[in-house]
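Asks: Reading the sequence shown from the start, the letters are residues 204 to 445 in my numbering.
Quick one: the structure is below, and I'll ask about it shortly.
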Amino acid sequence: MRRHGVATQVTCLQCDDAHAAQVIPGPDGKFGYDCLLSGWSELADDEVTLLRFDRAALLNALAVSAGLKPAGIRFVAGDRLVSLGLVSRPADRRGWMPGYADHLEDCNTLSGVTTALNNQFPRGPGLIITPSLINLNLPLPGGYRLIGLADIAYGTSDGLAVNWGATDLYLRKRKKVPGQRGRPSERKAIWDIWEIARRSPLWPQHRLDQASFILGQWNKAEAPPSAGTIKNYIPKFEREAT
Numbered sequence: 204m205r206r207h208g209v210a211t212q213v214t215c216l217q218c219d220d221a222h223a224a225q226v227i228p229g230p231d232g233k234f235g236y237d238c239l240l241s242g243w244s245e246l247a248d249d250e251v252t253l254l255r256f257d258r259a260a261l262l263n264a265l266a267v268s269a270g271l272k273p274a275g276i277r278f279v280a281g282d283r284l285v286s287l288g289l290v291s292r293p294a295d296r297r298g299w300m301p302g303y304a305d306h307l308e309d310c311n312t313l314s315g316v317t318t319a320l321n322n323q324f325p326r327g328p329g330l331i332i333t334p335s336l337i338n339l340n341l342p343l344p345g346g347y348r349l350i351g352l353a354d355i356a357y358g359t360s361d362g363l364a365v366n367w368g369a370t371d372l373y374l375r376k377r378k379k380v381p382g383q384r385g386r387p388s389e390r391k392a393i394w395d396i397w398e399i400a401r402r403s404p405l406w407p408q409h410r411l412d413q414a415s416f417i418l419g420q421w422n423k424a425e426a427p428p429s430a431g432t433i434k435n436y437i438p439k440f441e442r443e444a445t
């Protein structure tokens with residue numbers, strides 16, 4: 204947020220019936236208002252300060268928190284979709300792409316972002332960070348998923364920090380359960396994708412096409428199952444979900 208001036212009116216809460224009151228600057232640089240019934244009331248700075256969302260500052264902070272350089276930020280889809288770079292950590296077998304998009308409540312903006320992901324973004328895996336109040340399970344092309352801004356980033360005394368546990372969860376980096384041997388069943392991973400994908404308006408009718416649809420959402424950091432394996436699981440999932 205960036206400071207964007209001072210409010211000219213506030214609500215007087217000193218009276219039984221709340222009403223608007225004119226903000227008056229005092230000789231000492233403080234602000235307040237004068238009510239006919241309750242008299243003079245001083246206002247704290249945060250009660251009169253107007254703030255404006257600083258998108259550029261947020262994007263820079265997100266890039267830095269992920270270990271990226273702000274100079275690598277790239278804008279597409281009328282600046283609504285933003286590429287922050289390529290995240291590569293020692294724990295990752297390959298990198299993943301973080302992006303940012305807002306105003307996704309607007310259908311035209313969402314359509315433009317989806318098209319740009321398909322045509323102008325490198326293949327995922329990747330996460331699109333958004334403050335928009337939309338369904339985060341909405342399928343995206345190219346191996347990308349939506350993640351809420353509040354889910355991936357949190358404030359610290361030094362700025363923003365990335366919640367790496369949330370990124371691993373959203374990227375479906377499956378880990379074996381403590382105390383168990385071997386890698387977890389890929390059945391669970393197929394179920395997780397199917398549970399979201401089957402609600403998509405793009406969900407196909409034929410089994411083999413459905414299997415291909417699920418493979419398109421598979422975490423590219425892990426070896427995918429065969430289309431036949433997925434095809435055999437789908438009717439079982441449908442029975443379990445009813």
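Cβ coordinates follow ideal geometry from the N, Cα and C atoms, glycine included.
So if DSSP puts Asp-361 in a beta bridge, which residue, or which two residues, is it bridged to?
Replies: For Asp-361, which the question treats as bridged, DSSP gives no partner whatsoever.
Asks: Between Asp-371 and Pro-334, which are expected to be in contact by the criterion C-beta below 8 Å, what is the C-beta distance as a whole number of angstroms?
Replies: Not really, about 21 Å apart at Cβ, beyond 8 Å.
Asks: Measuring alpha carbon to alpha carbon, tell me which of Tyr-303, Thr-252, Glu-250 ends up nearest Ile-452.
Replies: Limits of the chain in this structure are 204 at one end and 445 at the other, which puts residue 452 out of reach.
Asks: Out of Thr-317, Ile-417, Arg-390, which one is the CA nearest neighbour of Gly-281?
Replies: Considering only alpha carbons, the answer is Thr-317.
Asks: Going by the CB atoms, is the gap between Leu-287 and Leu-265 shorter than 9 Å?
Replies: In contact: Leu-265 and Leu-287 (Cβ atoms closer than 9 Å).
Asks: Measure the Cβ-Cβ separation of Phe-366 and Ile-355 and say whether it is below 9 Å.
Replies: For clarity, residue 366 is Asn in the given sequence; the question names Phe instead. Yes, the pair counts as a contact, with Cβ atoms nearer than the cut-off.
Asks: Let me confirm a value: Gly-345 is counted as buried when at least 16 other C-beta atoms fall within 10 Å, else exposed. Which label applies?
Replies: By the neighbour-count rule (16 or more Cβ atoms within 10 Å), Gly-345 is buried.
Asks: Rounded to the nearest angstrom, what separates Gly-327 and Met-300 at their Cα positions?
Replies: Gly-327 and Met-300: Cα-Cα distance of roughly 6 Å.
Asks: Restricting to Cα atoms, I'd like to know which of Pro-228, Asp-220, Ala-221 is closest to Thr-211.
Replies: Among Pro-228, Asp-220, Ala-221, the Cα nearest to that of Thr-211 is on Pro-228.
Asks: Mapping the DSSP letters down to three states, classify Phe-324 as helix, strand or coil.
Replies: Coil at Phe-324, not helix or strand.
Asks: Identify which residue in Trp-243, Val-285, Gly-235 has its Cα closest to the Cα of Ala-259.
Replies: Among Trp-243, Val-285, Gly-235, the Cα nearest to that of Ala-259 belongs to Val-285.
Asks: Nearest-angstrom Cα distance between Gly-382 and Gly-315?
Replies: Any reading at Gly-382 must be qualified, since the residue scores a pLDDT of 42, below 50, and its modelled position is unreliable; the value itself is stated next. Cα to Cα, Gly-382 sits roughly 46 Å from Gly-315.
Asks: Per DSSP, Arg-348 is paired with what?
Replies: Paired residues: Leu-330.
Asks: Does DSSP put Cys-310 in a helix, in a strand, or in coil?
Replies: Cys-310 falls in the helix class under three-state DSSP.
Asks: Here's the rule I'm using: 16 or more other beta-carbon atoms within 10 Å means buried, otherwise exposed. How should Pro-438 be labelled?
Replies: Classification for Pro-438: exposed.
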